[in-house]
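For the sequence shown, my numbering gives the first residue as 664, with consecutive numbering after it.
Some notes on the structure that comes next.
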Amino acid sequence: MIAADAQSQGPDGKLALFGKDEEQGGGGGTILFILKATPALDWGIIALCMALLTGAIVVMVMKNNYLSRANRANRAFMKRYRTMEEDLMHIKDLPGISPGEAKLIRSAPLGNLYEMGIDELQMRQRRLGVRPLSGEAVEALRAAVDAVQVEENQKLDKGMVLLTIAISGGPFIGLLGTVMGVMNTFGGVAMAGDVNVNAIAPGIAAALLATIAGLAAAIPSLFGYNYLNSKITAMADEMRVFCDRLVTRLAEVQADRAHSAPPTSLAAE
664 MIAADAQSQG
674 PDGKLALFGK
684 DEEQGGGGGT
694 ILFILKATPA
704 LDWGIIALCM
714 ALLTGAIVVM
724 VMKNNYLSRA
734 NRANRAFMKR
744 YRTMEEDLMH
754 IKDLPGISPG
764 EAKLIRSAPL
774 GNLYEMGIDE
784 LQMRQRRLGV
794 RPLSGEAVEA
804 LRAAVDAVQV
814 EENQKLDKGM
824 VLLTIAISGG
834 PFIGLLGTVM
844 GVMNTFGGVA
854 MAGDVNVNAI
864 APGIAAALLA
874 TIAGLAAAIP
884 SLFGYNYLNS
894 KITAMADEMR
904 VFCDRLVTRL
914 AEVQADRAHS
924 APPTSLAAE
């Protein structure tokens, strides 16, 4: 606006005059000027916000890769699991399974639940033989599988706290830097005893960089957290449903074996 008025005035006009910086300066020059005016304290705040952003990006990339691998492994496991009827066995004992497929399935959260269920069932078969599982045995079996489910949920949630820190703490850390920068600017103006725009504006603009840094850490973290949390919730729900179905199926398999066993073997036990 000032530049436009200066161009429209006559040769003797005194409204505004171009300075060397105003004639040659552009957007890049303005940013560079603000960066040079940023005090060390605000640079420390900005560095902290950038560290939060870097950590959040690392967590988002690693967590997304982990969830993708886990989802792929779950699909491979379920493909095998649906082909089983009453011949439930450990993954390594499945017929026709390759070492690569076995390794992939063992990394599946659902595969870990299944392995624990098979371990518990075989332990009770050694103790009880082919007798049907009692109510207490079924609850013990469920507790063992639930414990593995909790461990898998903890793996899914690992590192997500850093995203919540960046989301909730980043803007406040940036605001702290801005407030301290503004206080420092006004304090310097008061000590100098000279109140003008040229003395205040650079300090205020530099202080606002801290708020920008805080928002830069929080906004990507917010989007990443919501995206990852939706995938984690879906996988946790899938594990909970599979856990209930697995315990029910293991109890049914044991009951079917007991009903199909010869009466003499049951009497001997």
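Ideal placement from N, C-alpha and C gives every residue a C-beta, glycine not left out.
Which ranges would you report for the beta strand (DSSP E) in the segment 779-831 if only whole runs of at least 3 residues count? The segment 779-831 contains no whole beta strand (DSSP E) run of 3 or more residues.
To the nearest angstrom, how far is it from the Cα of N734 to the Cα of E814?
-> Note on geometry: alpha-carbon atoms of N734 and E814 lie some 17 Å from one another.
Residue from A899, R912, Y888 whose Cα sits closest to the Cα of N727 = Nearest C-alpha to N727: Y888.
* To do: For M747, name the three-state secondary structure that DSSP assigns.
  => Per DSSP, reduced to three states, the secondary structure at M747 is coil, with no helix or strand assignment.
query = Taking Cβ positions, are C906 and V808 nearer each other than 8 Å?
reply = In this structure, the beta-carbon distance from C906 to V808 falls below 8 Å.
Would you kindly work out how many angstroms separate the C-alpha atoms of A869 and P883, rounded to a whole number? Rounded to the nearest angstrom, the gap between the Cα atoms of A869 and P883 is 23 Å.
Backbone CA spacing between G833 and V910 [nearest angstrom]: Whole-angstrom Cα-Cα distance: 44 Å.
* For T874, which of W706, L695, T693 has the nearest alpha-carbon? -> The shortest C-alpha separation from T874 is found at W706.
* **Per-residue DSSP class, three states only, for P758** => Looking at P758 - three-state DSSP - the assignment turns out to be coil, as it is neither helix nor strand.
Within 8 Å (strictly less), CB to CB, does L698 reach chain D? Considering every chain present, this structure includes no chain D. It has just one protein chain.
Task: Option in L751, I828, P758, M854 with minimal Cα separation from A714 - done: That would be I828, whose Cα lies nearest to the Cα of A714.
Find out if the Cβ-Cβ distance for the pair L819, Q917 is shorter than 8 Å.
Remark: C-beta atoms of L819 and Q917 do not approach each other more closely than 8 Å.
In the structure shown, what three-state DSSP assignment does A918 receive?
-> Residue state, collapsed to three classes: helix.
Output yes or no for whether 8 Å exceeds the beta carbon distance between A736 and L826.
Result no, Cβ atoms of A736 and L826 do not sit closer than 8 Å.
* **Segment contact, 8 Å Cβ cut-off, at least three pairs: the segment 768-782 with the segment 744-755** => With a cut-off of 8 Å, the segment 744-755 and the segment 768-782 count as touching, because enough Cβ pairs lie within range.
Any idea what DSSP makes of T701, helix, strand or coil?
-> Three-state DSSP puts T701 in coil, outside helix and strand.
Check your understanding: Below 8 Å between beta carbons: does that hold for N816 and A876?
Key -> Result no, Cβ atoms of N816 and A876 do not sit closer than 8 Å.
For S770, three-class secondary structure by DSSP | The answer is coil: DSSP assigns S770 none of H, G, I, E or B.
- [ ] Assign M752 to one of three DSSP states: helix, strand, or coil.
- [x] Coil at M752, not helix or strand.
Among residues of its own chain, excluding the 5 on either side of I760, which ones have a beta-carbon nearer than 6 Å to its beta-carbon?
Within the same chain, I760 has no close Cβ partners at all.
Helix, strand or coil for N859 per DSSP?
It is coil, neither helix nor strand.
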